[in-house]
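Worksheet: one structure, shown below.
Numbering (the working numbering), first residue to last: 14 to 166.
In structure tokens:
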């Protein structure tokens, strides 16, 4: 059982957790459970006023294209971010620029992410800088290798 002191000390060094792998393997489900557990702590803790935020990249990207850049401030400032399904779109210059901007702004902040690529594919198909940021400072990348739940009998 962890004391509140150990929780506070573990919160001093935020981590990133990224689930990579094919569609239908449970990455979003896993990340959502982690987000739910951590999000309750972040919303309940009085010093973490900006709380937790969850975005699905395919729904966030059009908002950014339409000029809703205040979202970037919210994403940068929140204590816990869950960014689901990044890299599912065709990697346009705008999309890569905004994704890099978000990822770079999340340095030393609790961040959960999911995508349908391996870390190597993120580097080759998207941007090597993005792949590098996903593995920095002790961040954890989980390559989910499971059969698509829709194909199981």
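Even for Gly, the Cβ is constructed at its ideal location relative to N, Cα and C.
### Query
Exposed or buried, which one is residue 93 when buried takes at least 16 other CB atoms within 10 Å?
Mapped onto the chain shown, residue 93 falls at position 80. The residue is buried, with at least 16 neighbouring Cβ atoms inside 10 Å.
### Message
Whole angstroms are fine: how far does the CA of residue 96 sit from the CA of residue 136?
### Response
One-based indexing of the chain shown puts residue 136 at position 123. One-based indexing of the chain shown puts residue 96 at position 83. Taking the straight line from one Cα to the other gives about 18 Å.
#### Entry: Chain-order list of residues whose beta-carbon lies under 7 Å from that of residue 32 (same chain, five-residue window excluded)
Along the chain shown, one-based indexing puts residue 32 at 19. Here the set comprises 40, 43, 44, 127, 155 and 157.
### Cβ-based neighbour list, residue 111, same chain, cut-off 8 Å, excluding 5 preceding and 5 following
Here residue 111 corresponds to residue number 98 of the chain shown, with the count starting at 1. Around residue 111: 74, 77 and 85.
### Task
Just list the beta strand (DSSP E) runs in the stretch 139 to 165, keeping only unbroken ones of 3 residues or longer that don't cross its boundaries, in chain order.
153 to 156
#### Entry: Residue range of the beta strand (DSSP E) that includes residue 90
Your numbering for residue 90 matches position 77 in the chain shown. First-last for residue 90: 83 to 90, but that is the alpha helix (DSSP H), not the beta strand (DSSP E).
### Task
Hey, could you find the ends of the beta strand (DSSP E) residue 67 is sitting in?
Taking the first residue of the chain shown as 1, we reach residue 67 at position 54. For residue 67, the uninterrupted beta strand (DSSP E) run begins and ends at 65 to 69, by DSSP.
### Task
Name the residue from 118, 27, 71 and 83 whose alpha carbon lies nearest to the alpha carbon of residue 104.
As a working note, residue 104 is residue 91 in the chain shown. For residue 104, the nearest C-alpha among the options comes from 71.
### Through-space distance from residue 28 to residue 150, alpha-carbon basis
If you number the chain shown from 1, residue 150 lands on position 137. If you number the chain shown from 1, residue 28 lands on position 15. About 8 Å.
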